[in-house]
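Those protein sequences? They're chains A and B, same order as listed.
Mind the numbering: the first sequence is residues 1 to 483 in full-length UniProt numbering, read in order.
Mind the numbering: the second sequence is residues 1 to 510 in full-length UniProt numbering, read in order.
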Amino acid sequence: MAPTKVLDPENINENIKNLVYAVRGELYIRASELQKEGKKIIFTNVGNPHALGQKPLTFPRQVMALCQAPFLIDDPNVDLLFPADAIARAKLYLSYTSGGLGAYSDSRGLPGIRQEVCDFLLQRDGYPSDPDLIFLTDGASKGVMQLLNIIVRDKKDGILCPIPQYPLYSATIELVGGTLVPYYLNEENNWGLDIKDLRQQVAAARNKGINVRALVFINPGNPTGQCLSESNLRDLIEFCHNENILMLADEVYQQNIYQDERPFLSAKKVLMDLGLPYSKEVELVSFHTVSKGYWGECGQRGGYFELTNIHPKAVDELYKVASISLSPNVPGQIFVGLMVNPPKPNDISYPRYLQESKSILESLRRRAHIMTDGFNSCRNITCNFTEGAMYSFPKVKLPPAAVAAAKAAGKAPDVFYCIKLLEATGISTVPGSGFGQKEGTFHLRTTILPSEEDMPEVMQMFKKFNDEFMSAYEGPSEPFSRL
Amino acid sequence: MGANGVQEVNGNSTSNIDNGKSLSSTAPWCPPINIDNINPKVLECQYAVRGEIVAHAERLQQKLLQDPSSLPFDELIYCNIGNPQSLGQQPITFFREVAALCDHPGLLHKKEIQTVFSSDAIKRAESIVSSIPGRATGAYSHSKGVKALRTIIAEGIQNRDGYSADPEDIFLTDGASPGVHMMIRLMLRNKKDGIMCPIPQYPLYSASIALHDGTLVPYYLDESKGWGLEVSELKSRLEAAVADGINVRALVVINPGNPTGQVLSEENQQKIVQFCKDENLVLLADEVYQENVYADNKKFSSFKKIARSMGYTERDFSLVSFHSISKGFYGECGRRGGYMEVTGFDSDVKNQIYKMASVSLCSNLSGQVMMSLVMNPPKDGDESYELYSSERNAILSSLGRRAKMLAEALNKLERVSCNEAEGAMYLFPRIELPEGAMKAAQAAGMVPDTFYCKRLLDATGIVVVPGSGFRQVPGTWHFRITILPPEEKMPTIIAKLTSFHESFMQEFQG
Chain A
1 MAPTKVLDPE
11 NINENIKNLV
21 YAVRGELYIR
31 ASELQKEGKK
41 IIFTNVGNPH
51 ALGQKPLTFP
61 RQVMALCQAP
71 FLIDDPNVDL
81 LFPADAIARA
91 KLYLSYTSGG
101 LGAYSDSRGL
111 PGIRQEVCDF
121 LLQRDGYPSD
131 PDLIFLTDGA
141 SKGVMQLLNI
151 IVRDKKDGIL
161 CPIPQYPLYS
171 ATIELVGGTL
181 VPYYLNEENN
191 WGLDIKDLRQ
201 QVAAARNKGI
211 NVRALVFINP
221 GNPTGQCLSE
231 SNLRDLIEFC
241 HNENILMLAD
251 EVYQQNIYQD
261 ERPFLSAKKV
271 LMDLGLPYSK
281 EVELVSFHTV
291 SKGYWGECGQ
301 RGGYFELTNI
311 HPKAVDELYK
321 VASISLSPNV
331 PGQIFVGLMV
341 NPPKPNDISY
351 PRYLQESKSI
361 LESLRRRAHI
371 MTDGFNSCRN
381 ITCNFTEGAM
391 YSFPKVKLPP
401 AAVAAAKAAG
411 KAPDVFYCIK
421 LLEATGISTV
431 PGSGFGQKEG
441 TFHLRTTILP
451 SEEDMPEVMQ
461 MFKKFNDEFM
471 SAYEGPSEPF
481 SRL
Chain B
1 MGANGVQEVN
11 GNSTSNIDNG
21 KSLSSTAPWC
31 PPINIDNINP
41 KVLECQYAVR
51 GEIVAHAERL
61 QQKLLQDPSS
71 LPFDELIYCN
81 IGNPQSLGQQ
91 PITFFREVAA
101 LCDHPGLLHK
111 KEIQTVFSSD
121 AIKRAESIVS
131 SIPGRATGAY
141 SHSKGVKALR
151 TIIAEGIQNR
161 DGYSADPEDI
171 FLTDGASPGV
181 HMMIRLMLRN
191 KKDGIMCPIP
201 QYPLYSASIA
211 LHDGTLVPYY
221 LDESKGWGLE
231 VSELKSRLEA
241 AVADGINVRA
251 LVVINPGNPT
261 GQVLSEENQQ
271 KIVQFCKDEN
281 LVLLADEVYQ
291 ENVYADNKKF
301 SSFKKIARSM
311 GYTERDFSLV
321 SFHSISKGFY
331 GECGRRGGYM
341 EVTGFDSDVK
351 NQIYKMASVS
361 LCSNLSGQVM
371 MSLVMNPPKD
381 GDESYELYSS
391 ERNAILSSLG
401 RRAKMLAEAL
411 NKLERVSCNE
421 AEGAMYLFPR
431 IELPEGAMKA
441 AQAAGMVPDT
451 FYCKRLLDAT
461 GIVVVPGSGF
471 RQVPGTWHFR
481 ITILPPEEKM
491 PTIIAKLTSF
501 HESFMQEFQG
């Protein structure tokens, strides 16, 4: 008889067993299996632009190459390969380090880069920041985990999360042993914030004995894409002030805005604009990253968070925990610096930088429209416009027979639909249940990242599948999708 | 104010009573998240490598910047952390050439690169970039890391050990530390779960166990026997823990040791493997210093090799081996690259590890690439081999010389004894502090070794880490100093240390 293992599925940490991260969960694993069998898969499950053909910006890659191999800077032929401003910037970043990319930096990140972040924030918002209240992290996700880890003590501590939400939050809350307190975004009102619902959820949670400690909001939203208005943000801030709740502002998509009515407004700016007592009392943590925007440098793992009105001793504890992992990766830190301090109008590299970034953003805006319109042209599908971020989150009406078939197969209805979509077309999405949704509704999340040339074909394939699926489960009738 | 978490819930109230905010009081505002109500496990954990002494050093650094003549020294010398490149060690040229090209693959099409980069670096970069889906070094990879890079690493492990390695068992991580955290988190369900750690140990382990709410079960290394590891010690500590109601789940072994530097003999390693097998423990083998061995009569053997050579396979022995790009002779700390090889676990458990890794999506690509280079460096006959091996040999032989130099100097100091650094990057001398110093430390409210280290810092600018940060046999005092300052600087450092120590002893011996 085989000896029982120390680590066996029955006896590992419960929280790990319970957490789910759908973005790389069941659908993704199935897609990878099919890919191994030779099927062509279009991965629209994760916001990973470069994997779908988006090119990196040239300037930052030039600077990084020089930072990686500083001996290049002294090579007589370096001008054949690199423009002068990239060389100058590489020299500057290397001077921020003590020993180049290969040395652990300060556990909060290189001071020179944190200062660049402060300069950026001042320019963006009009308010000064303290470099010692900025922590660079290996991607924004690490920062979110550090904050949730410090806030959650036990299952009685609750964190408010929007439904639908990006499942980093639900997974991490589970991992650290806390309770997720949902508040529902209003799909009929463009995924708008509903303060009344927020109040009700908080009261209900407290009635159950939950300490509601923090509120997460994602602006622009993921998966929902909505951009919050100034009055939305003010309402949230006032609410959190009254209820004494810490705000976690996930603003990683701040560069991805596809409409002009609601440009990005940072929570910090609105907070400061409100003045006293809010500006001195509301605790706020704001997250940003190099993975999104028009940069899409997901693989570098670069990001930061800024702390506003956090108790200094809590800041010390955050520092201490960061120090155990020594430092965030230095190349990722440099990408943060380059993102917040890109080429300026008189720089040699500026025209190219401008052209590259504009063309990516404009293309994303076009794709947001193509996808939204494509989904809305299906009779059984409604889809709010992707105002920002990188995703489309259509609501799919599934006929009762499909719901029954799903149940028989032991799957949630949207998972069932998405698996069928995957198997028929190779399009790999994430079912709405991975993000949370109103009971009885079904969604899926897809990115708007397939290239513009591929988009029409992707939408065609989807609509053909949707028609066939609906025919199969509702019986023959008028086509569902205007092809 | 500042209520400490005693919780009342009033369903009709709109204020959260727990945080002490009172609607009608005029008392100063207290933030909802404050020192009294954050996660107590965070408060409990400590990490001395960047702790109190280092914080003080940073303050002194600021002082020096403002007024270079304000202190009895004109620079700080950071000997607290294994961060070679911050003290002047140069990166390996071939590795950086490949890294630069992978970061800017657009260069690979330009013929001018041949005048600037070596041809094998260009070839290697092209091979790596083309093995990454879409040639996208900026994309999130598979959550275990790029498959092709894991394959290279598995081959490297195979070449090193002579036993096969499976790329699916490899998880690439941002440095070895996140892998350690993941495994510890996986194994600790509650305070009754324990993990055995060497004393002295690298405080990542104690901090991680505290953060994940488990119990650290210490086993003492024997200073009088070159920091040797006795299985009898392991057995008695295990028995005591079990008697206390602890479920001991794993054994951490750091080889070569940190802070102690000992390199285990194969015989010793076999006994350890057998102990884990007999007691049904997971072996967590921290092998990040495997390429830092200085003792002529010692060599590194991986625990995987030892276990396989004893006949244990992935069907009957649970082992996690950690490696990193931060140490060795490449010292790429800032890049954050590493891996853990997880063998002898059910696929269900490995899936849970994968799931945990997937929440952070992936480790940084630059680190993944570097790890693949470390495990598959230039070979004899390659264009870059000569330069690579001369750089490697220069760094390693210099480290060996510095280890010897510093150990000799420390052993000359009164009341100090220091074991040789057979490997790793540190020396861990023991000091017998005179009664007067103990009293002064107590009066200052400091642990005696911290008191010594602070005095050393204030007098000379040399930054070390007190032994209590690593734990030690109660009643003994140590400090950890790295062997990383440049060779030319060593004599000055030794002189400063010696002169400080002499006056310290004079002051307190009375």
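Glycine included, each C-beta is placed from N, C-alpha and C at the ideal position.
Name the residues in the stretch 106 to 121 of chain B whose C-beta lies less than 7 Å from a C-beta of chain A; which are they?
-> 106, 107, 110, 112, 113, 115 and 116
In chain B, which residues lie less than 7 Å from residue 56 (chain A) when you measure between Cβ atoms?
-> Residue mapping note: residue 56 (chain A) aligns to position 56 of the first sequence, counting from 1. Within chain B, the residues near residue 56 (chain A) are 138.
With residue 24 (chain A) as the anchor, note down where its beta strand (DSSP E) starts and where it stops.
-> Within the first sequence, residue 24 (chain A) is the residue found at index 24, counting from 1. Per DSSP, residue 24 (chain A) belongs to no beta strand (DSSP E) and is neither H nor E.
Using a threshold of 9 Å, state whether the C-beta atoms of residue 330 (chain A) and residue 96 (chain B) are closer than that.
-> The residue given as residue 330 (chain A) occupies position 330 in the first sequence. The residue given as residue 96 (chain B) occupies position 96 in the second sequence. Against a cut-off of 9 Å, the Cβ pair of residue 96 (chain B) and residue 330 (chain A) comes out as no contact.
Can you list, in chain order, the residues of its chain whose CB lies under 8 Å from that of residue 455 (chain B), leaving out five sequence neighbours each side?
-> One-based indexing of the second sequence puts residue 455 (chain B) at position 455. So the qualifying residues of the chain are 500 and 504.
Taking Cβ positions only, does residue 305 (chain A) come closer than 9 Å to chain B?
-> The sequence position of residue 305 (chain A) within the first sequence is 305, counting from 1. False, the Cβ-Cβ gap to chain B never drops below 9 Å.
Which residues in chain A sit within 7 Å of residue 348 (chain B), going by Cβ to Cβ distance?
-> Looking up residue 348 (chain B) in the second sequence gives position 348. Near residue 348 (chain B) (Cβ distances below 7 Å), the residues of chain A are 9.
Look at residue 373 (chain B) and residue 171 (chain B) and say whether their C-beta atoms are less than 9 Å apart.
-> Position 373 of the second sequence, counted from the start, is the residue given in the question as residue 373 (chain B). Position 171 of the second sequence, counted from the start, is the residue given in the question as residue 171 (chain B). Not a contact, by the Cβ cut-off of 9 Å.
Drop a sphere of 10 angstroms on the beta-carbon of residue 516 (chain B), count the other beta-carbons inside from all chains shown, and report buried for 16 or more, exposed for fewer.
-> Look at the range of chain B in this structure, 1 to 510, and you will see that residue 516 (chain B) is not part of it.
Apart from the five residues just before and just after residue 129 (chain B), which ones in its own chain have a Cβ nearer than 8 Å to its Cβ?
-> On the second sequence, residue 129 (chain B) is found 129 positions in, with the first residue counted as 1. The answer, listed in chain order, is 101, 102, 105, 108, 135 and 137.
C-alpha distance - residue 509 (chain B) paired with residue 442 (chain B), whole-angstrom precision = Counting from one through the second sequence, the residue named residue 509 (chain B) turns up at place 509. Counting from one through the second sequence, the residue named residue 442 (chain B) turns up at place 442. When rounded, the distance between both Cα atoms is 16 Å.
Quick one: measure Cβ to Cβ for residue 302 (chain A) and residue 275 (chain A), integer angstroms, because I've assumed they're closer than 8 Å.
-> Stepping through the first sequence from its first residue, residue 302 (chain A) is reached at position 302. Stepping through the first sequence from its first residue, residue 275 (chain A) is reached at position 275. Going by Cβ atoms, the distance from residue 302 (chain A) to residue 275 (chain A) rounds to 33 Å, so no, they are not a contact pair.
CB contact check: residue 37 (chain B) to chain A, cutoff 9 Å | Taking the second sequence and counting its residues from 1, one reaches residue 37 (chain B) at position 37. Chain A, which has a Cβ nearer than 9 Å to the Cβ of residue 37 (chain B), makes this yes.
Which one or two residues does DSSP pair with residue 247 (chain A) in a beta bridge?
-> The count along the first sequence starts at 1 and reaches residue 247 (chain A) at position 247. Answer is A:215 and A:284.
Starting from the Cα of residue 197 (chain A), find the closest Cα among A:169, A:59, A:236 and A:177 and give me that residue.
-> Translated into positions along the first sequence, residue 197 (chain A) becomes position 197. Here the closest residue by C-alpha is A:236.
Show which residues of chain A have a CB atom less than 8 Å away from the CB atom of residue 431 (chain B).
-> Along the second sequence, one-based indexing puts residue 431 (chain B) at 431. Neighbours of residue 431 (chain B) across chain A, judged by C-beta separation under 8 Å, do not exist; the nearest C-beta is about 26 Å away.
Residues near residue 289 (chain B) in its chain [Cβ-Cβ closer than 6 Å; skip 5 each side] | As a first step, residue 289 (chain B) must be located in the second sequence, where it is residue number 289. Only 256, 327, 423 and 424 meet the Cβ criterion.
Is any beta-carbon of chain A found at less than 9 Å from that of residue 77 (chain B)?
-> Your numbering for residue 77 (chain B) matches position 77 in the second sequence. No, residue 77 (chain B) does not count as interfacial toward chain A.
Nearest to residue 252 (chain A) by alpha carbon, out of A:296, A:424, A:231 and A:215?
-> Counting from 1 along the first sequence, the entry for residue 252 (chain A) is found at position 252. When only C-alpha atoms are compared, the closest one is A:296.
Can you find a CB in chain B that lies within less than 9 Å of the CB of residue 53 (chain A)?
-> In the first sequence, the residue the question calls residue 53 (chain A) occupies position 53. Yes, because at least one Cβ of chain B sits closer than 9 Å to the Cβ of residue 53 (chain A).
Residue 316 (chain A) classed as buried or exposed, judged by whether at least 16 other C-beta atoms fall within 10 angstroms | Position 316 of the first sequence, counted from the first residue, corresponds to residue 316 (chain A). Its Cβ having fewer than 16 others within 10 Å, residue 316 (chain A) is exposed.
Please list the partners that residue 104 (chain B) has in chain A, where partner means a Cβ-to-Cβ separation under 7 Å.
-> Stepping through the second sequence from its first residue, residue 104 (chain B) is reached at position 104. 61, 62, 64 and 65, listed in chain order.
By Cβ distance below 6 Å, which residues in the same chain neighbour residue 193 (chain A) in space, the five residues on each side in sequence not counted?
-> Translated into the one-based positions of the first sequence, residue 193 (chain A) becomes position 193. If we look at residue 193 (chain A) and ignore the five residues flanking it on each side, its Cβ neighbours are 232.
If you measure from the beta carbon of residue 291 (chain A) to each beta carbon in chain B, is any gap under 9 Å?
-> Within the first sequence, numbered from 1, the residue matching residue 291 (chain A) stands at position 291. So yes, residue 291 (chain A) belongs to the interface.
Leaving out five residues before and five after residue 437 (chain A) in sequence, what residues of the same chain have Cβ atoms less than 6 Å from its Cβ?
-> The sequence position of residue 437 (chain A) within the first sequence is 437, counting from 1. 164 and 443.
What's the gap between the Cα of residue 438 (chain B) and the Cα of residue 78 (chain A)?
-> Position 438 of the second sequence holds residue 438 (chain B). Position 78 of the first sequence holds residue 78 (chain A). Their Cα atoms are separated by approximately 59 Å.
Inspect the beta-carbon positions of residue 198 (chain B) and residue 254 (chain B) and report whether they are closer than 9 Å.
-> Against the second sequence, residue 198 (chain B) aligns to sequence position 198. Against the second sequence, residue 254 (chain B) aligns to sequence position 254. In this structure, residue 254 (chain B) lies closer than 9 Å to residue 198 (chain B) by Cβ.
Contacts of residue 317 (chain A) in chain B (Cβ-Cβ under 7 Å) = Reading the first sequence from its first residue, position 317 is the one you call residue 317 (chain A). Result: 38, 42 and 43.
Quick one: is residue 315 (chain B) buried, meaning 16 or more other Cβ sit within 10 Å of its Cβ, or exposed?
-> Position 315 of the second sequence, counted from the first residue, corresponds to residue 315 (chain B). Exposed, because fewer than 16 other Cβ atoms sit within 10 Å of the Cβ of residue 315 (chain B).
Straight-line CA distance for residue 448 (chain B) to residue 293 (chain A)?
-> Along the second sequence, one-based indexing puts residue 448 (chain B) at 448. Along the first sequence, one-based indexing puts residue 293 (chain A) at 293. Their backbone Cα atoms lie some 52 Å apart in a straight line.
Expressed to the nearest angstrom, what Euclidean distance is found between the alpha-carbon atoms of residue 281 (chain B) and residue 270 (chain B)?
-> One-based indexing of the second sequence puts residue 281 (chain B) at position 281. One-based indexing of the second sequence puts residue 270 (chain B) at position 270. Their Cα atoms are separated by approximately 14 Å.
If you draw a straight line from the alpha carbon of residue 118 (chain A) to that of residue 230 (chain A), how long is it in whole angstroms?
-> Locating residue 118 (chain A) in the first sequence gives position 118, counting from the first residue. Locating residue 230 (chain A) in the first sequence gives position 230, counting from the first residue. Straight-line Cα distance between these residues: approximately 22 Å.
Note down the Cα distance separating residue 147 (chain B) from residue 51 (chain A), rounded to an integer number of angstroms.
-> The residue you call residue 147 (chain B) lines up with position 147 of the second sequence. The residue you call residue 51 (chain A) lines up with position 51 of the first sequence. One C-alpha to the other measures close to 15 Å.
At least one CB of chain A closer than 9 Å to the CB of residue 174 (chain B): is that the case?
-> Locating residue 174 (chain B) in the second sequence gives position 174, where the first residue counts as 1. It does; some Cβ of chain A falls within 9 Å.
Looking at the unbroken alpha helix (DSSP H) that takes in residue 424 (chain A), where does it start and where does it end?
-> Here residue 424 (chain A) refers to the residue found at position 424 when the first sequence is read from its first residue. Residue 424 (chain A) -> alpha helix (DSSP H) spans 413 to 425.
If contact means a Cβ-Cβ distance below 8 Å, which residues of the stretch 313 to 341 of chain A contact chain B?
-> 313, 314, 317, 320, 321, 323, 324, 325, 326, 327, 328, 329, 330, 331 and 332
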